[in-house]
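So that you can map any letter, position 265 of the sequence shown is 265 in UniProt numbering, and since no number is skipped, the others follow by simple counting.
Each residue gets a CB set at the ideal place from its N, CA and C atoms; glycine is no exception.
Computed from a predicted structure; not experimentally measured.
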Amino acid sequence: MSNSWDKIDAYRGTLVKGDWPTIPEMFLMSLDKFPERICFSVIEPKEKITYTYSAVYENVMNLASYLYDKGVRKGDKVAINGKNSPEWAISYLAVLFAGAIVVPIDNQMKTERFMRLSEFAGVSFAIVDFDVSEKMKKNSNAWFESLKGVALLKGRSTEYERILDVRSSSLKEKVDVDANTPAAILFTSGTTGNEKGAVLSHANITSNVYQAANGMGVKETDILYALLPLHHSYCCTAVLLETIMHGAECLFGHGIVVSRMINDLKQGKVTIFMGIPLLFNKVIAGIMDKVKAKGAFTYALIKTLMAFNGWCKNTFGKAPLRNFFNKKILSQLGLDHSRILICGAGPLSPTVFKQYQQLGLNFLQGYGLTETSPILTLNPPEHFKIESVGRVLSFIDMIIADKDENGVGEVRVKGPNICLGYYNDEENTKALFDENGYLKTGDLGILDSENYLMLKGRAKNIIVTEGGKNVFPEEIEDMFQLYSQIEQILIRGFQMKKDVPCECIEAVIYPNGEFYKDKNKSKEEIEKEITDIVNTVNKDLVGYKKIEKVTFVDEPMEMTTTKKIKRNTVKA
C-alpha cells in the first residue's frame with residue numbers, strides 16, 4: 001500500500017528542498033497537477049463562487065507582492081482575523097508565500113484582546129474583516145499606529161485595500177524559507193488557562209497533513225467542508241491544508257447555523273464533513289426526534305433497520321441500507337453525498353458514533369492538540385474501535401507515563417508535528433516537555449496492543465473521591481450527549497464536608513431553551529425533568545461516580561471556539 005508522503009518523491013530536489021515540504025511547496029505541487037480544478041468555493045445567496053488552483057495562485061501572488069510592497073519581509077508576523085472564506089485561505093497562503101509568519105486570530109475574540117495578543121506576537125501587518133478594522137481604529141494604540149498596513153478580507157473601505165482587489169507583481173515567485181522555520185503562531189488557552197502562542201514550523205504542519213492523509217482517505221474528487229473556525233489548527237490542517245495536498249475542493253461554511261449548514265451541504269454536495277461533538281450530537285438527536293414523532297411503530301422499525309445495517313457494516317464492510325437511509329433521512333440534512341464524517345476537538349460518545357455507523361456513514365474519530373499541529377490519532381473506518389479516539393499516526397512516538405494500577409497515565413508524544421514551543425515563553429515551553437523530550441499532553445489514557453488510544457480525561461480535571469477513587473468528569477459528561485433537554489453539562493467535584501479534602505460529584509447544567517420553547521413548562525418542571533434524567537444516568541454509574549448534586553445555571557457557560565466549556569470560568 002502506498003503512503004501519502006510518497007507523493008513528495010517526484011518533487012524532491014527540485015520544488016521540495018527538505019524532508020517535508022513548506023506549505024507553499026505543498027500548494028505548488030497540487031497546482032502543478034491540477035491547475036484548472038476547483039480549489040476553493042463558497043455558496044452565497046445567489047450563486048456558488050469558485051476559484052481554481054490557478055486562480056488561487058494568481059490571487060496569492062498578488063497579495064504576497066502587495067505585502068512585500070508594504071514592507072513585510074521574511075520572518076515578519078501577519079495577523080488574520082476574519083470569518084471563514086476563500087479570502088481567509090488566500091491570505092493565509094499569501095503570508096507564507098511572502099516568507100512571513102501567519103498569526104490566525106479567533107474572529108469572536110474581543111478587539112482589545114486581539115490587539116493585545118497581536119502586539120505580544122510582534123504582528124506588523126493585519127488582514128481583517130471590515131468590522132474588525134473599524135473596531136481597531138476605535139481602539140487605536142501605539143501598536144496599531146506602528147503597523148505597516150491593514151488589508152480587508154471582506155467589505156469596502158476608503159482607507160484599506162480589499163485583498164482580492166490588490167494588484168502587484170513585486171514577487172515573481174515565493175520567498176524561500178526552510179521547512180523547519182516558523183510558519184504560524186497559534187494562540188491556545190484550551191479550557192483552563194491564559195493564552196499561549198504555540199509556534200508551528202512548516203514541517204510541523206505539512207508532516208501532519210501527510211500523516212493524517214493515510215487515515216482520512218481523502219480523494220482528489222472530494223469536497224471538504226470548512227465549517228469550524230479556520231484559526232483553529234483542527235480545521236486549518238485537517239480541512240484546508242488536507243484539501244490542498246490532495247488537489248481536492250474546500251467549501252467554506254458560514255458558521256454553525258444549522259439552516260445555512262444544511263443548505264451548504266445540499267448545494268455543495270459535500271463528501272467529507274468535519275465537526276465537533278456538540279454539532280454531531282445535535283444532528284443525530286434531531287434525526288431521532290423526528291423519527292420518534294412519526295410514532296412508536298416507525299421508530300421501532302427504523303431502529304431495527306439501523307441495527308441490521310450497522311451489523312452488516314461491521315461484519316461485511318458494507319451497509320446495504322445506505323441508499324434507503326439516504327432517501328428517507330440523510331438527504332434532508334444534505335448528508336446523502338457524504339462519504340466520511342470526522343469528529344475532533346473532543347471525544348464523541350460511543351452511542352452517537354454507533355448511530356452514525358448504523359445509518360451507513362463512515363465516521364472517523366480523531367485526537368490531538370494545537371501544539372501537535374494538531375492530529376495524533378485517527379480511528380480508520382476499515383478498522384475502527386468504538387471506544388477509542390484512534391490509532392497513533394505514522395512517525396509519532398506515543399507513550400503512557402506515570403501509569404496507575406489500571407494502566408491509565410499521561411499521554412506523551414514525540415514526532416515531526418510537535419511544535420517548536422511557545423512564543424516568547426521559555427517557562428511554559430520548558431514545562432511542556434519532559435526530561436526525555438516528550439510533549440506532555442495533560443490528557444490521561446491507555447494504549448492497547450494495536451496502538452489505539454483510549455482517552456480517560458484531563459489530568460487537572462480528575463475528581464478524587466472519599467474512597468481514593470479517581471473519577472474522570474468527561475466520562476460522565478459523555479453519557480448525557482444524546483439528551484436534547486440539556487444544552488450544556490459540566491461535571492466537577494465539590495467538598496461535601498469542609499474538613500474532608502476528598503470530593504463528591506456535582507453536575508452543573510444549562511437547560512436547552514430551544515428544546516423547551518414550545519413545551520409550555522415552568523422552570524421548576526424543566527429542572528425536575530432534567531433531574532430525572534440525571535437519576536436515570538446515575539443508575540448506570542458505579543457508586544463512587546454517581547452524581548450527588550445538581551446545580552442549574554440561567555446563562556450558558558463560556559465556551560472555547562470548538563465548543564468546550566471553559567471550566568475555570570464556571571462560578572455557579
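Asked	Found
Assign Phe-34 to one of three DSSP states: helix, strand, or coil.	coil
Closest to Phe-515 by CA distance: which of Tyr-483, Phe-114, Met-245, Asp-540 is it?	Tyr-483
Check the DSSP bridge columns for Lys-48 and list the partner residues they point to.	Ile-43
If we count the other Cβ atoms within 10 Å of its Cβ and call it buried at 16 or more, is Phe-480 buried or exposed?	buried
Taking only the alpha-carbon atoms, compute the straight-line gap between Pro-511 and Ile-491 and give it to the nearest angstrom.	15 Å
Can the beta-carbon of Ser-207 be found less than 8 Å from the beta-carbon of Pro-416?	yes
For Asn-196, report the span of its beta strand (DSSP E) as first-last.	The sequence given here places Lys at residue 196; Asn does not occur at that position. Element bounds for Lys-196: 196-201.
What does Ile-399 pair with, by DSSP beta-bridge criteria?	Arg-412
Any idea what DSSP makes of Met-274, helix, strand or coil?	strand
By how many angstroms is the C-alpha of Pro-374 removed from the C-alpha of Glu-503?	33 Å
With a threshold of 16 other CB atoms inside 10 Å of the CB of Ile-383, please say whether the residue is buried or exposed.	First, the residue type needs correcting, since residue 383 is His and not Ile in the sequence shown. It counts as exposed.
Would you check whether the ligand NAP has a heavy atom nearer than 7 Å to the C-beta of Phe-130?	Absent from the structure shown: the ligand NAP. Ligands present: none.
From Gly-366, Gly-368, Ala-121, Ile-256, pick the residue whose C-alpha is nearest to that of Val-78; which is it?	Ala-121
Using a Cβ-Cβ distance cut-off of 8 Å, determine whether Phe-515 contacts chain D.	Of the chains in the structure shown, none is chain D; there is only one protein chain.
Keeping to the same chain, check which residues put their C-beta closer than 7 Å to that of Phe-27; ignore five residues upstream and five downstream.	Leu-93, Ile-244
Could you spell out the range, first to last residue, of the alpha helix (DSSP H) harbouring Lys-137?	130-138
Quick one: residues in its chain with C-beta nearer than 7 Å to the C-beta of Ile-386, no 5 flanking neighbours on either side, listed in chain order?	Pro-350, Phe-353, Lys-354
As a quick exercise: from Met-61, Glu-475, Lys-290, pick the residue whose alpha carbon is nearest that of Tyr-53.	Met-61
What separation, rounded to the nearest whole angstrom, lies between the Cα atoms of Thr-22 and Gly-155?	31 Å
Compute the Euclidean distance between the alpha carbons of Leu-301 and Asn-362, then round it to the nearest angstrom.	22 Å
Going by DSSP, what residue range makes up the beta strand (DSSP E) through Thr-188?	182-188
Mapping DSSP to helix, strand and coil, what is Val-123?	strand
For Val-291, which option in Met-306, Leu-279, Lys-521 has the closest C-alpha, if you only look at C-alpha atoms?	Met-306
According to DSSP, which residues form a beta bridge with Glu-506?	Arg-492, Lys-549
With contact counted as at least three CB pairs below 8 Å, one residue from each stretch, are the stretch 417-431 and the stretch 199-215 in contact?	yes
Under 6 Å Cβ to Cβ from Gly-149, same chain only, skipping five residues before and after it: list those, please.	Lys-70, Phe-125
DSSP three-state label for Arg-116, please.	helix
By a C-beta neighbour count over all protein chains shown, 10 Å radius and 16 as the cutoff for buried, is Asp-478 buried or exposed?	buried
Among Leu-541, Glu-524, Ile-329, Gln-267, which has the Cα closest to the Cα of Lys-46?	Gln-267
Excluding the 5 residues flanking Val-392 on each side, which residues of the same chain have their C-beta closer than 6 Å to its C-beta?	Thr-377, Met-398, Asn-451
Residue range of the beta strand (DSSP E) that Gly-390 falls in?	390-392
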